[in-house]
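A.B. asks: This is the structure I want to talk about, given as C-alpha cells.
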Amino acid sequence: MRYVAALLLFLTLSLSLPVPSHAVECEGEPPSGADNANQINEYMDKCREKIVALQGEALSLKQIISVLNSKISLALAQINQTQAQIDELEKDIEVLSGVIDTVNISMDQLAEIYIARVKESYRRYRTDRMNLVFSSKSLGDFMGKMKYLSTIKAKDQLILTELERSRVDYGEKKDAKIIKQQEVEKLKTRLVAQKVDLDRQQLEKKRVLSETQNNEKKFQEMLSKARAELEAIQNIIAGKGTETEVGDISAGQAIAKVIDGPSCNSSGSHLHFIVAKDKDIYSPFTYLKGIEYENCSGSSCGSDDGDSFNPSGSWEWPLSSRIKMMQGFGVTWAVRNTWVRSIYNFHNGIDILGGSLEVKAVQAGKLYRGSYSGRSGCALRYVRVHHSDGGIDTYYLHVNYF
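Structure (C-alpha cells):
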C-alpha cells in the first residue's frame, strides 16, 4: 500500500512539473504562418543578436559565411512574417466581402419593402383621411383606426431606421475592406524588396565562396591585399608616393593605360580615379559630365541596388565610353554588404573601365608618374595631374606608363 501511495505521489509531482519549451534559435528553417507570429519575431531577434555577436569576432572566412547565413535566415523569416500578414489580411478581406454582399442584399430587400410600404401608406392616407370619419361607426371605432395608422407609420419609421443603419454598416465595411486592401499592396511591395534582399545575400555568399574557393588561407590573402591597397592609396594621397615630373599636358591627352589583368593588390583590370584638393577627397561625379554607362557596382550589373551614378560637371571622362562602373564613391554597396567594410567604410574614388584601356587627362595641368611600395612589397603604379586651375589633383591608379 505504501508503495502504491509513493508511486502515485511521484506521478503527481512529475505531471505538475513545467514542460520546458523549445528555445527558438537562428538556425534551420524559420517558422512561418500567422499562428506562429511570436515565434517568427523571436527567431528574427535571435538572428539579429547572432549577427551582432559574429561581427564582433575576428575576421575570418568562417565568420563571414556565418554572418551571411544568419542574414539569409533573417531575410527568410522576414519574408515569412510579411507573407503571414498578407494571408491574414486577405482572409479578413474575404470575410468582409461576404459581409458586404449580405448587407447589400439586405439593403435592397429593405428598400423594396420600404418603397412598397410608402406607396401603401400614401394610398391609405388619402383613403383613410377622406373616409375615416364617415366610415367609423363610433368614436371608439375611429380611435382604433387612428391607432392602427400610427402603428403603420411607426413600422415604416422602423424600416427606414434599419435601412439607414444598413447603409452606414455597408459604408463602414466597405471602407475597412479598402484599408485592408491598401495594407496588402504595401506588404506585397515590402515582400518584393525582402525577396530582393534575400537574393542579394545568397549571391554574396556564393560570390565569397567562389572567390575564396572556400579556403581560409585564400581569404586571408584577399584581406591582406585589400589592406595593402588601402594603405597605398592613403599614402599616395598624402604625398608619400615616389613621383617623377613628366611635364605639362592638355585636357584629353593620353597619359597612361589601364593594366590589362591583375596588378599590385588588384585582382582585375580597373582604373581607380580620385579627385583631391589639399589632400581632401571630393566626389568625381561633381566634376565629370554625363556619359553612357553600365552600373555593375551592386549585387549584379544593372541591378537597382548599385551605387549612385550622377555626374553633374563639365570634365571629360578619363576613359572612353561606354563606362563600366564597378564601385562608386562614398558609402558604397560593397561597403554596406560585403567583407570590405572591415577594411574601409568609405570608398575615396570610383573604380571604372571604359571602351579602351587608354587613360586621358580630364583637365590640363602638370603630369607626374608615381608608384608606392608598401607592406605587400609590390609597387602600385599611378599617374597624377596637378590641374592648372583650382589647385586640384586627379589620381589615376592601376596603370602602366606610356
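The sequence shown lines up with residues -23 to -1, 1 to 379 when you count with mature numbering (1 follows the signal peptide of the UniProt record, and there is no 0). Cβ atoms here follow ideal geometry from the backbone N, Cα and C, with glycine treated the same way.
Report buried or exposed for GLU193, applying the criterion of at least 16 other Cβ atoms within 10 angstroms of its Cβ.
C.D. replies: GLU193 should be labelled exposed.
A.B. asks: Would you be able to state if there are at least three C-beta pairs under 8 Å between the segment 179 to 188 and the segment 283 to 301?
C.D. replies: Segments in contact, no.
A.B. asks: Hey, how far is the Cα of ILE210 from the Cα of VAL252?
C.D. replies: About 12 Å.
A.B. asks: Look up ARG358 in the DSSP assignment and say whether it is helix, strand or coil.
C.D. replies: Note: ARG358 maps to strand in three-state DSSP.
A.B. asks: At what residues does the alpha helix (DSSP H) containing VAL312 begin and finish?
C.D. replies: Per DSSP, VAL312 belongs to the alpha helix (DSSP H) from 310 to 314.
A.B. asks: Do LYS172 and ILE56 have their beta-carbon atoms positioned less than 8 Å apart in this structure?
C.D. replies: Against a cut-off of 8 Å, the Cβ pair of LYS172 and ILE56 comes out as a contact.
A.B. asks: TYR345 to GLU206, Cα distance in whole Å?
C.D. replies: Computed Cα separation, rounded: 20 Å.
A.B. asks: Find the nearest neighbour of ILE213 within the set GLN179, ASP225, LYS150 and HIS249, judged by alpha-carbon distance.
C.D. replies: Comparing Cα-Cα distances from ILE213 to each of GLN179, ASP225, LYS150 and HIS249, the minimum goes to HIS249.
A.B. asks: Using only CA atoms, which one of ALA11, VAL169 and VAL1 lies nearest to residue 437?
C.D. replies: Only positions -23 to 379 of the chain appear in the structure, and residue 437 is not among them; the question remains open.
A.B. asks: Taking the alpha carbon of LEU200 as the reference point, which residue from ASN15, TYR321 and HIS363 has its own alpha carbon closest?
C.D. replies: The shortest Cα separation from LEU200 among ASN15, TYR321 and HIS363 belongs to TYR321.
A.B. asks: Just to confirm the assignment, what range does the alpha helix (DSSP H) spanning GLU26 have?
C.D. replies: Start and end: 14 to 32.
A.B. asks: Since I believe GLY275 is in contact with ASP282 (beta carbons under 8 Å), could you give me their beta-carbon distance rounded to a whole number of angstroms?
C.D. replies: Confirmed, about 4 Å.
A.B. asks: Using DSSP with H/G/I as helix, E/B as strand and the rest coil, what is LEU73?
C.D. replies: Note: LEU73 maps to helix in three-state DSSP.
A.B. asks: From what residue to what residue does the beta strand (DSSP E) around LEU207 run?
C.D. replies: That residue, LEU207, is in no beta strand (DSSP E); its alpha helix (DSSP H) goes 193 to 214.
A.B. asks: For ILE17, I'd like the list of residues in its chain whose CB is within less than 8 Å of its CB, leaving aside the five on either flank, ordered along the chain.
C.D. replies: Answer for ILE17: PRO7, PRO8, SER9, ALA54, ASN57, GLN58 and ALA61, listed in chain order.
A.B. asks: With burial defined as no fewer than 16 other Cβ atoms inside 10 Å of the residue's Cβ, what is the status of residue 385: buried or exposed?
C.D. replies: The shown model of the chain, from -23 to 379, leaves out residue 385, and the question about it has no answer.
A.B. asks: Please report how far the alpha carbon of SER348 lies from the alpha carbon of GLN178, in whole angstroms.
C.D. replies: In a straight line, the C-alpha of SER348 is about 37 Å away from that of GLN178.
A.B. asks: For LYS254, which of GLY224, ARG352, TYR264 and GLY245 has the nearest alpha-carbon?
C.D. replies: Nearest option by C-alpha distance: TYR264.
A.B. asks: Classify SER285: buried if its beta carbon has 16 or more other beta carbons within 10 angstroms, exposed otherwise.
C.D. replies: Result: exposed.
A.B. asks: List the whole-angstrom C-beta distance separating ILE236 from HIS375, where the pair is believed to meet the contact cut-off of C-beta under 8 Å.
C.D. replies: Yes, ILE236 and HIS375 are in contact; Cβ-Cβ is about 5 Å, under 8 Å.
A.B. asks: Keeping to the same chain, check which residues put their C-beta closer than 8 Å to that of GLY148; ignore five residues upstream and five downstream.
C.D. replies: Hits under 8 Å: none found.
A.B. asks: According to DSSP, simplified to helix, strand and coil, what is SER(-3)?
C.D. replies: Only weak support exists for where SER(-3) lies, its pLDDT of 45 falling under 50; the value from the coordinates is given anyway. DSSP places SER(-3) in coil when its eight states are reduced to three.
A.B. asks: Please classify GLY299: does DSSP put it in a helix, a strand, or coil?
C.D. replies: First, the amino acid is wrong: residue 299 is Arg here, not Gly. Three-state result, ARG299: coil.
A.B. asks: So for GLU222, helix, strand or coil by DSSP?
C.D. replies: GLU222: strand per DSSP, three-state reduction.
A.B. asks: Using the C-alpha atoms, what's the distance from ILE49 back to LEU31?
C.D. replies: Going from the Cα of LEU31 to the Cα of ILE49 covers about 14 Å.
A.B. asks: Hey, out of ALA203, LYS182 and ASP78, whose CA is closest to LYS151's CA?
C.D. replies: When only C-alpha atoms are compared, the closest one is ASP78.
A.B. asks: Contact defined as beta carbons within less than 8 Å: I believe PRO295 pairs with VAL339. What is the distance between those atoms, to the nearest angstrom?
C.D. replies: Contact holds; Cβ gap of about 6 Å.
A.B. asks: Rounded to a whole number of angstroms, what is the C-alpha to C-alpha distance between LYS157 and GLU2?
C.D. replies: Their Cα atoms are separated by approximately 32 Å.
A.B. asks: If you check the beta carbons only, do GLY342 and VAL362 fall under 8 Å apart?
C.D. replies: Yes, the Cβ-Cβ distance between GLY342 and VAL362 is below 8 Å.
A.B. asks: How is GLU162 classed by DSSP in three states: helix, strand or coil?
C.D. replies: In the structure shown, GLU162 sits in a helix (DSSP, three-state: H, G or I).
A.B. asks: Since I believe PHE306 is in contact with PRO261 (beta carbons under 8 Å), could you give me their beta-carbon distance rounded to a whole number of angstroms?
C.D. replies: Right, the Cβ-Cβ distance comes to about 6 Å (below 8 Å), so this counts as a contact.
A.B. asks: By DSSP's criteria, SER243 is part of a beta bridge. Which residues make up the other side?
C.D. replies: Answer is SER240, bridged to SER243.
A.B. asks: In whole angstroms, what is the alpha-carbon distance linking VAL336 and THR315?
C.D. replies: Computed Cα separation, rounded: 29 Å.
A.B. asks: Can you give me the start and stop residues for the beta strand (DSSP E) that THR371 sits inside?
C.D. replies: That run of the beta strand (DSSP E) goes 369 to 374.
A.B. asks: For LEU272, does the count of other Cβ atoms within 10 angstroms reach 16, so buried, or fall short, so exposed?
C.D. replies: According to the sequence displayed, residue 272 carries Asn and not Leu. When all chains shown are included, ASN272 counts as buried.
A.B. asks: Only counting the same chain, and skipping five residues up and downstream in sequence, which positions put a Cβ closer than 7 Å to that of CYS24?
C.D. replies: Cβ neighbours of CYS24 beyond the five flanking positions: CYS3, SER47, SER50, LEU51 and ALA54.
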